[in-house]
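The structure under discussion appears below in the form of structure tokens.
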Amino acid sequence: KQEVTQIPAALSVPEGENLVLNCSFTDSAIYNLQWFRQDPGKGLTSLLLIQSSQREQTSGRLNASLDKSSGRSTLYIAASQPGDSATYLCAYYPHSGNTPLVFGKGTRLSVIA
Amino acid sequence: KAGVTQTPRYLIKTRGQQVTLSCSPISGHRSVSWYQQTPGQGLQFLFEYFSETQRNKGNFPGRFSGRQFSNSRSEMNVSTLELGDSALYLCASSTDPDTEAFFGQGTRLTVV
Chain A
10 KQEVTQIPAA LSVPEGENLV LNCSFTDSAI YNLQWFRQDP GKGLTSLLLI QSSQREQTSG
70 RLNASLDKSS GRSTLYIAAS QPGDSATYLC AYYPHSGNTP LVFGKGTRLS VIA
Chain B
64 KAGVTQTPRY LIKTRGQQVT LSCSPISGHR SVSWYQQTPG QGLQFLFEYF SETQRNKGNF
124 PGRFSGRQFS NSRSEMNVST LELGDSALYL CASSTDPDTE AFFGQGTRLT VV
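The listed protein sequences correspond, in order, to chains A and B. As numbered in the numbering used here, residues 10 to 122 make up the first sequence, in order. As numbered in the numbering used here, residues 64 to 175 make up the second sequence, in order.
In structure tokens form, the structure reads like this:
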């Protein structure tokens, strides 16, 4: 069964802290993995895409890594800011193909000023 | 470059009515997917279209249907609305299946 688990479900940190969000999946044969952010009542914003041949991607203060052998991906946020407060979702395309994105339920992040 | 556009943004309907939601993908994107998001269930996949063909379908009743036009724009239709259909409906587009997905702002449907 294809499943994504994101721990913790919610996280509250003071501004300026570096933090790590975790994503684990049961399917070892994954294709691309994508991290999204969602603000309340809004759509999803793509943050980073890790393609099948890559192990990590960086964009500004964000760094995402992928370890297929252990079934884990992490999203590292450096020097967190109140504007980073949102729900962060991890999703992957199974390698079997012809299958839509498999989503986790997300981690709700609050950065306190 | 314009993003994914969903219309309308908000909708209030009565039980038993039907509704049509629209999604215009990013220019050049041929794949469109639809998701339903509720607080309890998270994101649930509805369907995926690629070059006007339904490529995948989620586990939703036949009241939920969709289509894609030759210009890649997509519509989804829900007939005989139920209270439980109240949700945020999200559309995503990508150049091809299994590539980076970009989402619209969603349509908030409330069934009363």
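Beta carbons are placed, not taken as given, at the ideal position from N, Cα and C, and that holds for glycine. Computed from a predicted structure; not experimentally measured.
Quick one: what does DSSP say residue i is sitting in, helix, strand or coil?
| i | result |
| --- | --- |
| Leu144 of chain B | coil |
| Asp76 of chain A | strand |
| Pro91 of chain A | helix |
| Asn103 of chain A | Just to set this straight, residue 103 of chain A is Pro in the shown sequence, not Asn. Pro103 of chain A: strand per DSSP, three-state reduction. |
| Ile59 of chain A | strand |
| Gln11 of chain A | coil |
| Arg136 of chain B | coil |
| Thr162 of chain B | coil |
| Asn27 of chain A | coil |
| Arg126 of chain B | coil |
| Ala122 of chain A | coil |
| Arg81 of chain A | strand |
Check whether the Cβ atoms of residue i and residue j sit closer than 7 Å, and answer yes or no.
| i | j | result |
| --- | --- | --- |
| Arg2 of chain A | Thr96 of chain A | Lying before the first or after the last residue shown, residue 2 of chain A is absent from chain A, which here runs from 10 to 122. |
| Ala150 of chain B | Gln81 of chain B | no |
| Ala73 of chain A | Ile59 of chain A | yes |
| Gly113 of chain A | Leu98 of chain A | yes |
| Phe113 of chain B | Gly52 of chain A | no |
| Gln43 of chain A | Gly115 of chain A | no |
| Pro160 of chain B | Ser94 of chain B | yes |
| Phe110 of chain B | Gln117 of chain B | yes |
| Arg46 of chain A | Leu30 of chain A | no |
| Val120 of chain A | Asp76 of chain A | no |
| Ala122 of chain A | Glu26 of chain A | no |
| Tyr40 of chain A | Ser61 of chain A | yes |
| Ile86 of chain A | Leu20 of chain A | no |
By how many angstroms is the C-alpha of residue j removed from the C-alpha of residue i?
| i | j | result |
| --- | --- | --- |
| Glu145 of chain B | Pro102 of chain B | 17 Å |
| Val22 of chain A | Glu138 of chain B | 41 Å |
| Ala65 of chain B | Gln90 of chain A | 28 Å |
| Phe34 of chain A | Arg64 of chain A | 15 Å |
| Pro17 of chain A | Thr170 of chain B | 28 Å |
| Arg126 of chain B | Gly147 of chain B | 13 Å |
| Ser135 of chain B | Ser87 of chain B | 7 Å |
| Thr5 of chain B | His92 of chain B | Residue numbering for chain B in the displayed model covers 64 to 175; residue 5 of chain B lies beyond these limits and cannot be assessed. |
| Asp48 of chain A | Thr54 of chain A | 9 Å |
| Gly50 of chain A | Val174 of chain B | 17 Å |
| Ser82 of chain A | Cys32 of chain A | 5 Å |
| Gln107 of chain B | Ser68 of chain A | 28 Å |
| Leu84 of chain B | Ser156 of chain B | 15 Å |
| Tyr102 of chain A | Leu110 of chain A | 5 Å |
| Gln131 of chain B | Ser78 of chain A | 37 Å |
Bridge partners of residue i, per DSSP?
| i | result |
| --- | --- |
| Glu65 of chain A | A:Ser74 |
| Tyr73 of chain B | B:Arg171 |
Contact residues within the stretch 113–136 of chain B, judged by C-beta distance below 9 Å to chain A: Arg118, Asn119, Gly121
Can you give me, in chain order, the residues of the stretch 102–113 of chain B that have a beta carbon less than 8 Å from any beta carbon in chain A? Gly105, Leu106, Phe108, Glu111
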